[in-house]
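S.K.: Quick one: the structure is below, questions incoming.
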Amino acid sequence: MSQRDSGYERKERDLYETPEWVTLALAPHLYEATFQVWEPACGSGKMVRALEKLGLTVFGSDIETGNDFFDRSCDPTEFDAIITNPPYVAASEFIVHALDQNVTTVAMLLRTDFDHAKSRQHLFQDSRFAKKVVLTRRIKWFEDSKGQPSFNHAWFIWESGHVGPPTLAYGPAHVGDAPKP
Ligand SMILES: C[S@@+](CC[C@H](N)C(=O)[O-])C[C@H]1O[C@@H](n2cnc3c(N)ncnc32)[C@H](O)[C@@H]1O
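Letter by letter, the sequence shown follows residues 1139 to 1319 in our numbering.
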């Protein structure tokens, strides 16, 4: 997602790399039969590597390397889940397109108030919307950033077999997973 961060210009194409602890915080909330993941906006592959650490097989692609997520000819053939930190300017479109793939799980890292907007309610009234995992630490997008991060984030998860209202959780589950506040 696009971030304001003191002293930094907004990066071209929203290339903000997700720190490993953020991806690992998703692990306890993934459907247990998730094995093959498509990370369709992988940038340098930081999230891909964190997902691989969880034992998942991950196909990473990015528009920078010629794979536009909205171009069907680039789709991998087999995957159970689509997991990414989408570019902020196209986050809603990424979610709609991911849900169109008939995949078991879609997990998107977004600003925590992403679900507040009236214009996005169709995404959250979708019966597959299963869980919001609020991150209790702010993400520092740049290791050498001098300022404090301004935004809170959450994982938003859609599951194809989900029944009932969405649930709320907080992560990371273990204090050791995240940097100290
Ligand atoms: C916020 S970065 C996320 C990088 C990576 N997922 C991570 O979390 O470390 C967003 C990425 O989306 C990519 N991107 C933007 N539009 C895209 C599109 N239409 N299809 C595929 N990738 C796209 C950018 O090149 C950038 O690498």
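Think of the CB as a built atom: it goes at the ideal place given N, C-alpha and C, for glycine as much as any other residue.
#1: Using a threshold of 7 Å, is the CB atom of proline 1225 nearer than that to any non-hydrogen atom of ligand 1?
#2: What is the rounded straight-line gap between the Cα of phenylalanine 1217 and the Cα of glutamine 1286?
#3: So, for histidine 1083: in the same chain, excluding its five sequence neighbours on each side, which residues have a beta-carbon less than 8 Å away from its beta-carbon?
#4: Glutamate 1177: beta carbon under 7 Å from a heavy atom of ligand 2?
#5: Taking the C-alpha atoms as reference points, what is the distance between lysine 1284 and glycine 1204?
#6: Residue ranges of each beta strand (DSSP E) run of no fewer than 3 residues wholly in the segment 1227–1263, ordered along the chain?
#7: Counting along the chain, where does the alpha helix (DSSP H) carrying threonine 1172 start and finish?
#8: Quick check: what's the CA-CA separation for arginine 1266 versus proline 1225?
#9: Closer than 7 Å to a non-hydrogen atom of ligand 1 - does that hold for the CB of alanine 1236?
#10: Consult DSSP for lysine 1284 and reduce its assignment to one of helix, strand or coil.
#11: On a CA-only basis, which of Asp1282, Ala1268, Pro1178 is nearest valine 1301? Give me that one, please.
#12: When DSSP labels each residue in this structure, what does histidine 1300 get in the three-state scheme?
#13: Taking contact to mean at least 3 C-beta pairs separated by less than 8 Å, is the segment 1171–1191 in contact with the segment 1251–1261?
M.R.: From the atom records:
#1: Residue mapping note: residue 1225 aligns to position 87 of the sequence shown, counting from 1. Yes, ligand 1 has a heavy atom inside 7 Å of this Cβ.
#2: Taking the sequence shown and counting its residues from 1, the one referred to as residue 1217 is at position 79. Taking the sequence shown and counting its residues from 1, the one referred to as residue 1286 is at position 148. One C-alpha to the other measures close to 37 Å.
#3: Shown here, the chain extends from 1139 to 1319; a query on residue 1083 therefore has no answer.
#4: Here the bound small molecules are ligand 1; ligand 2 is not part of this structure.
#5: As a first step, residue 1284 is located in the sequence shown; it is residue number 146 there, counting from the start. As a first step, residue 1204 is located in the sequence shown; it is residue number 66 there, counting from the start. Answer to the nearest angstrom: the Cα atoms are 34 Å apart.
#6: 1243–1249
#7: Locating residue 1172 in the sequence shown gives position 34, counting from the first residue. Taken as a continuous stretch (DSSP letters only), threonine 1172 belongs to no alpha helix (DSSP H), as it is neither H nor E.
#8: Stepping through the sequence shown from its first residue, residue 1266 is reached at position 128. Stepping through the sequence shown from its first residue, residue 1225 is reached at position 87. Each residue's alpha carbon lies about 22 Å from the other.
#9: As a working note, residue 1236 is residue 98 in the sequence shown. For ligand 1, not one heavy atom lies less than 7 Å from the Cβ of alanine 1236.
#10: Along the sequence shown, one-based indexing puts residue 1284 at 146. DSSP places lysine 1284 in coil when its eight states are reduced to three.
#11: Stepping through the sequence shown from its first residue, residue 1301 is reached at position 163. The shortest Cα separation from valine 1301 among Asp1282, Ala1268, Pro1178 belongs to Ala1268.
#12: Counting from one through the sequence shown, the residue named residue 1300 turns up at place 162. DSSP places histidine 1300 in coil when its eight states are reduced to three.
#13: no
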